Structure formats: structure tokens, C-alpha cells
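These notes are about the structure you will find just below.
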Amino acid sequence: MTPVVELRAARKRFGQVEALKGVDLAIGTGELVAMLGPNGAGKTTSISLMLGLRRPTGGEARLFGFDPADQRARSRCGVMLQESGTTGVLTVRELVDLFRSYYPSPLPTATAIARAGLDAKAGARAGTLSGGERQRLYFALAVCGDPEALFLDEPTVGMDVEGRRAVLGSIRALSAAGKTIVFTTHYLEEADQLARRIVVIDRGVVIADATPREIKSRIPSKRISFNTGAPVSDATFRGLPVQNLEVADHRVRLLSNEPELVLKALFERGVAVRDLEVTGADLEEAFLSLTTRP
Amino acid sequence: MRYPAAALMLRMLLMQTRSELLMRWRVPAFSVTNLALPIVFFTFFGLPVAHVRRGDGVSIGAYLLASFGAYAVGNVMIYGFGIGVANERAMKIDRLMRASPLPPLVFMLAKVVTALVFALLALLLLVGYGAVVGGIYQPPAIWAMVIARLLAGSLPFIALGFAIGYLSGPHAAPAVANLIYLPLAFASGFFVPVGQLPGFVQAIAPFLPTYHYAQLAWSALGAGSETLGTSLLWLAGYTALFLTLAVRAYRREERAKFA
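So the sequence lines, in the order shown, correspond to chains A and B. Using the numbering used here, the final residue of the first sequence is 602, and nothing's skipped along the way. Using the numbering used here, the final residue of the second sequence is 1452, and nothing's skipped along the way.
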């Protein structure tokens, strides 16, 4: 079966900067995929290639088997972009009505507005909305055509708790209804809550493509911190499964998936460990250890 | 099939045009400038001399209504497209539109239809104002011809508006539009008849697009100074020039933003 969206050895260069360095990715019907990575990793560039907003400098992008700029592909997609705007003088309802007309079999206007949790603001002009409400308006514009596939670039950015809950709930419901959904985020927690597949992208390269469970098993889960009797150096930790090692004089902080093994080795190496603390690692901080490799 | 079904396209065009009309109406910078400004100018320049007859027997009132009609339509096209497109680029509306299933051609067509509706409205207001306040009358068939010619002949200014919109930023666009359009309008005798302008301006007037555009309206009243064919030839030439400019500016933007 033709994948909904496909990148084949896709490269993208902006002047001197190579934003994507050969990405291979195929997303099938009904998948709910998170593109995860720090800012500037290449998430938005990937989405732009998938949607034909940018042309790859090398490789290929296909959308429903077509060139992504093809109207036949576009009319099956709803999109929410980070860097985009809309006129401020039309109301939420007017804008949703307008975007509905672009699709062959759209949702009722009220349903689309409700999916974004914007019922109370349906009569408000877009220019009067707060940042989070505006973001929800873009979500309503993305879903109003009842498209088969949704591309959401940082959908929850700038939203308050309530807005986030409304939008994440709608994404789940849409996925359960069989829609193919690709979204970007730089929060592992959000990807983990929502997606069944996480594509981790860093510096223009896919560094992991797996289930949330597998991704989490790869990142260090525990934080170890302690003081030492005598100053130690990085060399003390050679060969041990540690990450994000910080050694400052007597103070040591590190992340690890195997704290018992690390501590046993340190005792054997004669390090005097004092004030030992082993805690669960902060998920986001630990995730960064995966992406910011030397 | 390259595009969605014809019915869907028509629906898109209707909805897009409706939205464009609402937007233009709700932004005073457009609606007031488009509809009220020509009437205000006509009040100062046209009303005091409305009932003086020209050598050819046409009342100066009717002659200046036609001139201000030309000014009004040029206004709608050059400011509407120039400033409108520059603003939309700055607000990144083009990016969301680009990713939507709306074909770019429908997007542009809706803008053109909207501009024509506003131009028609501006012309009807002017003619009505001239009749009610100035007592300036012409047979309806004559006004109908003036209006039809001004709308049909506005193509070069639509192209010029698009070119300005793609070449200038949102802050520069109003200044650029003014700097281009106001001198053109003055030098072509829109406000003061060409015969009363400084000598060097009289000398360049016959080379300006706005001059030949106004001739379309003047000659409908029997007050033109060149044949319809001459006017159309000049306007066709300027359309080709401005369209080339607009397409180049559009392509440059495409390469920068969507390549």
C-alpha cells in the first residue's frame, strides 16, 4: 500500500546550512507519529518537505503517492503550521467556513470549532484572540475539512492547560477514527502521551524511529549525584554507562540507566562516595542526552 | 483530473471572494480610501466648476467625474493589491494558503473579483454623488459605457498593484504606491485638466498609462483627445510591461520562500 507520506533520502540545504542530511521516512495510513527533537533539529523542514512548502535539494518527498504540491494530495490533508498567519478581521466562524470550502466533504462548522474547544470564541475576530486561542483556531482550520491526514507543527505551543487538553483530546479522537496524524514537538512527554511511534530527529538526521517505550528505554532513567572525598576527573568514569557527566571539584552529577552497576564500579575504583542521591531523571533533561551527543 | 471538481472550485471561488469582500470592507484603510476619497477629492476639484462647459460642449462636471472615476479605479487596484499583498506576505498568510488545497489561481481570481466589485461601487457612488449633489447628468447608457470601460481597462493597474505588493514590504508599500500613483494621477489630468499643467508635464502625459486609461472614460463622453484604438494599444503595452514585472516579482518570492 502507498504510504500517506514518504521522504526518501531527503536533503535540504539553506545556503550554507544543511537542515536535513538525508532523511528516510514512510508513514502509513492511520499512524499517529510524533517528530521529536530540539529546536532547529529539522522537524519543521521535514514537515515543509512533506507538504511541498519546500523542495528537497536531494532525494524525494511524496504525499499520497503524489508530488506534495499536487492538489489531489493537498485536498486530503489538513495542516497547522508554526510560521503562518491569517487575517485578523474575519471571525473564527467565518474563517472556519472559508477553509471548509477548500475540501470536498468537510465537517459542520460548529463541529470543527468544538474540536478546537473554541465554541465561546466562534463570533470573535481572529485579531482579538490570545496566542493560545489563535493556535486553537489554526487547529480548527486544519481539521475542518475532515481530511485523511493531519500535519501539525508544534500544535500545543503557547496554549494554556485547558486548550492543550482540548487539542490533545481531539488528536486522540481523530486518531481513533482512523486519521493519519504527524505532529512535531520538542517535549518527549507530549510525544509519549500521544504517539504510537516517535521519530527522533537531531541536526538533520533521524537518530531513532521506534515506539515510545523503546525510546524511553534508551534514555537514562536515573540521576545520580554525590560528593567525593578527593577531587575526581572524567577519567574515573571511563567505560561506565553514564551520560551528561558533570564533575566540578568534589561534586559529581550524572545520568544513567544502570545506577547499581555505576556505583559498584565506583566503589571498586576506590572513589569515596558521600551524600549519595539517586533519583528518577527528569524526562526532558534525559531526552536531551540522546540528542546532544558530542 | 488535475483539479477538484468544477463545483468545488466554484464554491471555493465564491467563499474566497466573500471573505475578501468582508476583509476589504472591514479595514477602513481600504474601504474609506477606496470609496470615500474619490468623492472627497471630487468635492474640492470638481463641484466648483461642475457647470462650466468645455470647448467640446461636455460639462466640466461630467468630464471630471470621469477623471475621478479613473482615479478611483486605479486607487482600488494599486493600493488594494499593492498594500494588501505586501501585508499578507508580512503576516505569512501566504504560507498557510500555500499549504491549503486552495489553488493559487482561485486565490488570485477572488482578489481580482473583489477589487472589481469595490471599483464598481466607487464608480456608482461617484456618479450618484455627482447627480444628487452636483446636478451632473448624462444619459445612463453613457455612464454605463464609462463604467464598463474603466473596469475592463484596469488590468494594467491590477498587474502594477501585484508587482508593488510582491516587491515591497508592508511598511514601504503605502509609500511606494503613493509615490507611483499620485504623480501619475496628477500628470494625467485626473484632478486638473492636462492643459492647465506645467509645460513639461504636458509633454510627458501622453506617455503615461493613466493618461490613456482616462482617455477611455473621456472619449465615452465625447471629450477624448485620441482614438479608442490608440488608448487600447498603449494600455495593452503597459499591461504587458507590468505583468512581466509582477510575474518576475512573484517568481522571486517563490524562490525565496517556497524553493
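Even for Gly, the Cβ is constructed at its ideal location relative to N, Cα and C. Values in this document were obtained by computation on a predicted structure and should not be read as measured data.
C-alpha gap between residue i and residue j, whole angstroms
i: B:Y1196; j: A:P528; result: Confidence is the limiting factor: at B:Y1196 the pLDDT is only 48, short of 50, which leaves the residue's position unreliable, though a coordinate-based value still follows. Their backbone Cα atoms lie some 51 Å apart in a straight line.
i: A:R384; j: B:T1437; result: 34 Å
i: A:P602; j: A:P346; result: Because the pLDDT at A:P602 is just 41, under 50, the model does not fix this residue reliably, and the point stays unresolved.
i: A:K530; j: A:D510; result: 23 Å
i: B:M1194; j: A:G386; result: Note that B:M1194 scores 39 on pLDDT, short of 50, meaning its location in the model is unreliable; the coordinates nonetheless yield the value given after this. Roughly 21 Å separates the two Cα atoms.
i: B:A1303; j: A:Y495; result: 41 Å
i: B:A1452; j: A:A448; result: 28 Å
i: A:A418; j: A:D427; result: 8 Å
i: B:A1491; j: B:P1363; result: No statement about residue 1491 of chain B is possible, as the shown extent of chain B runs from 1194 to 1452 and does not include it.
i: A:S541; j: A:S438; result: 50 Å
i: A:F575; j: A:I489; result: 49 Å
i: A:I523; j: A:S564; result: 15 Å
i: A:Q551; j: A:N535; result: 17 Å
i: A:E314; j: A:K329; result: 15 Å
i: B:V1369; j: B:K1285; result: 21 Å
Beta-carbon neighbours of residue i, restricted to chain B and to distances below 8 Å
i: A:R401; result: Chain B residues near A:R401: none, gap ~12 Å exceeds 8 Å.
i: A:R382; result: A1292, S1293, P1294
i: A:V387; result: L1289, A1292, S1293
i: A:L359; result: A1292
i: A:Q551; result: Here the premise fails: no neighbours, minimum Cβ distance about 38 Å.
Top-ranked residue by Cα proximity to residue i, from the options
i: B:S1381; options: B:Y1264, B:P1333, B:I1335, B:L1316; result: B:Y1264
i: A:T395; options: B:F1274, B:V1325, B:L1316, B:L1289; result: B:L1289
i: A:Y411; options: A:K429, A:L426, A:A381; result: A:A381
i: A:P463; options: A:G471, A:K487, A:G338; result: A:G471
i: B:Y1322; options: B:I1351, B:E1447, B:G1346, B:A1259; result: B:A1259
i: B:T1236; options: B:L1206, B:L1409, B:V1440, B:A1324; result: B:A1324
i: A:R473; options: A:K487, A:D461, A:G425, A:L562; result: A:G425
i: A:L357; options: A:G336, A:R319, A:S392; result: A:R319
i: B:V1278; options: B:S1412, B:T1423, B:M1216; result: B:M1216
i: A:V331; options: A:R316, A:F491, A:V570; result: A:R316
i: B:F1435; options: B:F1379, B:R1291, B:R1246, B:I1357; result: B:I1357
i: B:V1306; options: B:Q1331, B:G1273, B:G1328, B:V1320; result: B:G1273
i: A:D583; options: A:I421, A:L571, A:T436; result: A:L571
i: A:M343; options: A:V555, A:T492, A:D517; result: A:T492
i: B:G1417; options: B:A1229, B:E1446, B:V1440, B:V1387; result: B:V1387
Contacts that residue i makes with chain A (C-beta to C-beta distance below 8 Å)
i: B:A1452; result: R362, R363
i: B:L1302; result: Neighbours of B:L1302 on chain A: none; closest Cβ ~14 Å, over 8 Å.
i: B:R1204; result: S409
Within chain A, partners of residue i - CB distance below 7 Å
i: B:K1285; result: E391, S392, G393
i: B:S1212; result: L398, E402, L406
Residue i: contacting residues in chain B (beta-carbon distance under 7 Å)
i: A:V397; result: M1216, R1219, V1220
i: A:F374; result: Here the premise fails: no neighbours, minimum Cβ distance about 11 Å.
Nearest-angstrom Cβ-Cβ length linking residue i and residue j, presumed shorter than 8 Å
i: A:Q443; j: A:L476; result: Not quite, the Cβ-Cβ distance comes to about 13 Å (not below 8 Å), so this is no contact.
i: B:A1312; j: B:L1344; result: 6 Å
i: A:G537; j: A:A573; result: At roughly 17 Å, the Cβ-Cβ gap does not stay under 8 Å, so A:G537 and A:A573 are not in contact.
i: A:L445; j: A:L482; result: That pair is no contact at about 17 Å.
i: B:Y1374; j: B:I1271; result: 5 Å
Status (buried if at least 16 other CB within 10 Å, exposed otherwise) for residue i
i: B:D1287; result: buried
i: B:L1203; result: exposed
i: A:P539; result: exposed
i: A:S413; result: exposed
i: B:G1392; result: exposed
i: B:Q1389; result: exposed
i: B:V1225; result: exposed
i: B:A1366; result: buried
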